[in-house]
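Only one structure is covered here, and it is reproduced in the block below.
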Amino acid sequence: MSANLSGIRHTQGFDIIKPLSIGAMILIMLPLVLLPLASIFIFGTNKGLASFWAALTAPDAVYALKLSIVTSFWATIFNVFFGLLAAYVLTKYDFWGRNALTVTISLPTAIPTAVAGFALLLLWGPFGILGQYLSPEAQIMFTPYAIILANIFVTFPLAFGVIKPVFDTMNRSLEEASATIGATRWQTFWHITLPALRGAILSGALLTFARSVGEFGSTILVSGNLAGRTQTAPLYIFAKFNEGQVEAANAIAIVLAIFSFLIFSILFFARDWLDAE
Amino acid sequence: MKKFKNKLARVLFFILISSLLLTNGCLPTPQDTKGGRTITLYGFSIMKEALEKEIYPAFAAKWKAEHSEDLSFNSSFAGSEVVTNQILQGAPADVAILSIERDVDRLVEGKAVTNDWRSLPNKGIVNKTPFVILVRKGNPKAITDFPDLAKPGIKLIHPDPVSSGGAQWSILSIYGSELKKSESQTGTPDKTRALQTLQAIWKNVIATPGSAREARTQFETGFGDALITYELEGLLMKQANSPVEIVYPKSTIFSEHPAVVIDRNLNEVKRASVEAFVKFLWSEEAQKAFVKYHFRSATNEALNEANKEFGKIEEPFTVEYFGGWNRAYPEIIEQVFRDQVMKK
Chain V
761 MSANLSGIRH
771 TQGFDIIKPL
781 SIGAMILIML
791 PLVLLPLASI
801 FIFGTNKGLA
811 SFWAALTAPD
821 AVYALKLSIV
831 TSFWATIFNV
841 FFGLLAAYVL
851 TKYDFWGRNA
861 LTVTISLPTA
871 IPTAVAGFAL
881 LLLWGPFGIL
891 GQYLSPEAQI
901 MFTPYAIILA
911 NIFVTFPLAF
921 GVIKPVFDTM
931 NRSLEEASAT
941 IGATRWQTFW
951 HITLPALRGA
961 ILSGALLTFA
971 RSVGEFGSTI
981 LVSGNLAGRT
991 QTAPLYIFAK
1001 FNEGQVEAAN
1011 AIAIVLAIFS
1021 FLIFSILFFA
1031 RDWLDAE
Chain G
997 MKKFKNKLAR
1007 VLFFILISSL
1017 LLTNGCLPTP
1027 QDTKGGRTIT
1037 LYGFSIMKEA
1047 LEKEIYPAFA
1057 AKWKAEHSED
1067 LSFNSSFAGS
1077 EVVTNQILQG
1087 APADVAILSI
1097 ERDVDRLVEG
1107 KAVTNDWRSL
1117 PNKGIVNKTP
1127 FVILVRKGNP
1137 KAITDFPDLA
1147 KPGIKLIHPD
1157 PVSSGGAQWS
1167 ILSIYGSELK
1177 KSESQTGTPD
1187 KTRALQTLQA
1197 IWKNVIATPG
1207 SAREARTQFE
1217 TGFGDALITY
1227 ELEGLLMKQA
1237 NSPVEIVYPK
1247 STIFSEHPAV
1257 VIDRNLNEVK
1267 RASVEAFVKF
1277 LWSEEAQKAF
1287 VKYHFRSATN
1297 EALNEANKEF
1307 GKIEEPFTVE
1317 YFGGWNRAYP
1327 EIIEQVFRDQ
1337 VMKK
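These protein sequences, in sequence, are chains V and G. Residue numbers for the first sequence follow this note's numbering, so the first one is 761 and each next one is one higher. Residue numbers for the second sequence follow this note's numbering, so the first one is 997 and each next one is one higher.
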């Protein structure tokens, strides 16, 4: 009887709550999320598609987008590998300080991104704790590598955070079976563990990537913000907005908005596909 | 169906990963490394147009003619104090053009600048511009001078003196304007009146953006009744048909902007072009370009005749009125503004 409770219809005939609750949800989203996004599109294109295109293909704009994508890409690669390793180690083995490590990995989410940038400067800056020992040619800060470092720092826990719970709840019997029939640890990992994690790895990667592409607070401190050299897309948007070139800022903002929409669409659908197996 | 979905997912996944690898393997080539020399300039927010549209191309052409070598620039613009802090933290600037001399002094203190920058032409000052009040078209709040900004109900946008040099000029401008006017009325500068005006105006400040340029963008997006800023910002806005008017206070300050070579980031090879560029800033060609973009020439008043947009100021003054930045910063920005305006 109680098992069937969810199947019982609470109302006779037309369920008025359904359209009302959906309507309320959209109504709440409208001023908070949908309209702000819409105004980027309206402002970005109100001078005509030609000027939108010109803003988009300005050399500095193209460079900024490329730089954002490349630096985010490497940060993603690194953090997915690290997340995988950390999740494996922290689920598999029990050791002194394990919980402390788990907490530390998650720390970068709670630290303001400006602090992350500042921390990197204090360590690797030309006068930083380690940076002072680097030769002028080998300096990392104020180069694209600094942006990768900043991206790695601020997105550090994201992939780990997605992969770890899957590890925790994974069906251990398969791994045990694999071990009993004589598979090496590597074979077990490659044939059993990894396929089960595919969905988590993809979501972790996309989340990390999306977050990196949008990173601002730490990048502005460590990159030097030189147009056409170390200026990422969010910095470009900020610079253009400050210069009063709102259309130019909007054009790139639109690209980033569409981009994250695509990423989250993939996230939404591909995960089901990958996990369905 | 499930099989099909799996296959599709795999194909999609493969395409995604391989396209990412193909396109993102390596960092994009910076635009300035297409051969030849580069000069990296960090400037305070309003320098952008004049430099990028006139001065850079002019100097690059000159350098090419004299040395048959390509030269390009890359630059970053922000509030003067922000730029200074970036350079102190190690940002790779070869040259800085700052809003206030105090920031150059900070660079000297931080050993980023070791040359005698005051030995440059005109004591290191490249150009100047007076401080004015921008109001909405038709001047609906009837603002004619600084004290009007203290009237109840006026919403003022004022850049943040912590990050912006323009904000500090603005504070000196209000304070000095009242001193100057009281001096010409009674013979002695009235410090109480100046302080009270500044306090009353500061009560009407509704936003303190990080730089003069940010403040202008906020004002342009419809925020606030008035904005105190560089004259050239107002002229640039009018040129772009922004619905604003410039109000010239009876007495106001001329801000003077230093250019400085950042010795710490230079090697001998680079130094030649960087020093040539800095010298070029005082050439007649560069000074004319500044005037075209509404800066006033600091070296040759005759050049300023060329710009018919410049307004007239009855009782102008400079930071020398306070005894230079060495005294103006501690005595007015710190002891008056920080201690008696901000804390009230």
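Here a beta-carbon is modelled for each residue, glycine too, at the ideal position from N, C-alpha and C. Here the structure is a predicted model, which means the values were calculated and not measured.
Opening and closing residue of the beta strand (DSSP E) in which residue i lies
i: residue 989 of chain V; result: Looking at the DSSP string, residue 989 of chain V is not in any beta strand (DSSP E), and its letter there is neither H nor E.
i: residue 1067 of chain G; result: 1067-1074
i: residue 1034 of chain G; result: 1033-1040
i: residue 1240 of chain G; result: 1240-1243
i: residue 1201 of chain G; result: 1201-1203
Counted within 10 angstroms of its Cβ, other Cβ atoms place residue i as buried (16 or more) or exposed
i: residue 895 of chain V; result: exposed
i: residue 869 of chain V; result: exposed
i: residue 881 of chain V; result: buried
i: residue 985 of chain G; result: Outside the displayed span of chain G (997 to 1340) sits residue 985 of chain G, for which this structure offers no information.
i: residue 1018 of chain V; result: exposed
i: residue 1025 of chain G; result: exposed
i: residue 797 of chain V; result: exposed
i: residue 897 of chain V; result: exposed
i: residue 813 of chain V; result: exposed
i: residue 1096 of chain G; result: buried
i: residue 1154 of chain G; result: buried
i: residue 1197 of chain G; result: buried
i: residue 1298 of chain G; result: exposed
i: residue 1208 of chain G; result: buried
Opening and closing residue of the alpha helix (DSSP H) in which residue i lies
i: residue 1322 of chain G; result: 1321-1324
i: residue 1307 of chain G; result: Premise fails: residue 1307 of chain G is in no alpha helix (DSSP H) and is neither H nor E.
i: residue 1222 of chain G; result: From DSSP, residue 1222 of chain G is part of no alpha helix (DSSP H) but of the beta strand (DSSP E) over 1222-1226.
i: residue 1316 of chain G; result: First-last for residue 1316 of chain G: undefined, no H or E at that position.
i: residue 840 of chain V; result: 819-852
i: residue 863 of chain V; result: 858-866
i: residue 914 of chain V; result: 904-914
i: residue 874 of chain V; result: 873-884
i: residue 937 of chain V; result: 932-940
i: residue 777 of chain V; result: 777-789
i: residue 955 of chain V; result: 954-973
i: residue 799 of chain V; result: 795-805
i: residue 1274 of chain G; result: 1264-1276
i: residue 815 of chain V; result: 809-816
i: residue 1059 of chain G; result: 1052-1063
i: residue 947 of chain V; result: 945-948
Identified DSSP bridge partners for residue i
i: residue 1253 of chain G; result: G:1123
i: residue 1216 of chain G; result: In DSSP, residue 1216 of chain G forms no bridge with anything.
i: residue 1292 of chain G; result: G:1124
i: residue 1248 of chain G; result: G:1312
i: residue 1093 of chain G; result: G:1039, G:1255
i: residue 1131 of chain G; result: G:1222, G:1241
i: residue 1152 of chain G; result: G:1201, G:1222
Among the options, nearest to residue i - alpha-carbon criterion
i: residue 920 of chain V; options: V:945, V:850, V:886, V:983; result: V:850
i: residue 998 of chain V; options: G:1299, G:1205, G:1158; result: G:1205
i: residue 816 of chain V; options: V:1013, V:954, V:889; result: V:1013
i: residue 1325 of chain G; options: G:1234, G:1169, G:1242, G:1299; result: G:1169
i: residue 905 of chain V; options: V:969, V:832, V:964; result: V:832
i: residue 1288 of chain G; options: G:1295, G:1306, G:1245; result: G:1306
i: residue 934 of chain V; options: V:989, V:956, V:978, V:984; result: V:956
i: residue 823 of chain V; options: V:990, V:1001, V:1032, V:1005; result: V:990
i: residue 1084 of chain G; options: G:1117, G:1107, G:1097, G:1090; result: G:1107
i: residue 912 of chain V; options: V:819, V:975, V:844; result: V:975
is_contact[residue i, chain V] using C-beta, thresh 8 Å
i: residue 1346 of chain G; result: No information on residue 1346 of chain G is available, as it lies outside the stretch 997 to 1340 that chain G covers here.
i: residue 1049 of chain G; result: no
i: residue 1175 of chain G; result: no
i: residue 1125 of chain G; result: no
i: residue 1157 of chain G; result: no
i: residue 1316 of chain G; result: no
i: residue 1008 of chain G; result: yes
i: residue 1266 of chain G; result: no
i: residue 1036 of chain G; result: yes
i: residue 1212 of chain G; result: yes
Residue i beta carbon near the ligand NAD (any heavy atom closer than 7 Å)
i: residue 1297 of chain G; result: No copy of the ligand NAD appears in this structure; indeed no ligand is present at all.
Within-8 Å CB hit, residue i to chain G
i: residue 893 of chain V; result: no
i: residue 1019 of chain V; result: no
i: residue 901 of chain V; result: yes
i: residue 1027 of chain V; result: no
i: residue 867 of chain V; result: no
i: residue 925 of chain V; result: no
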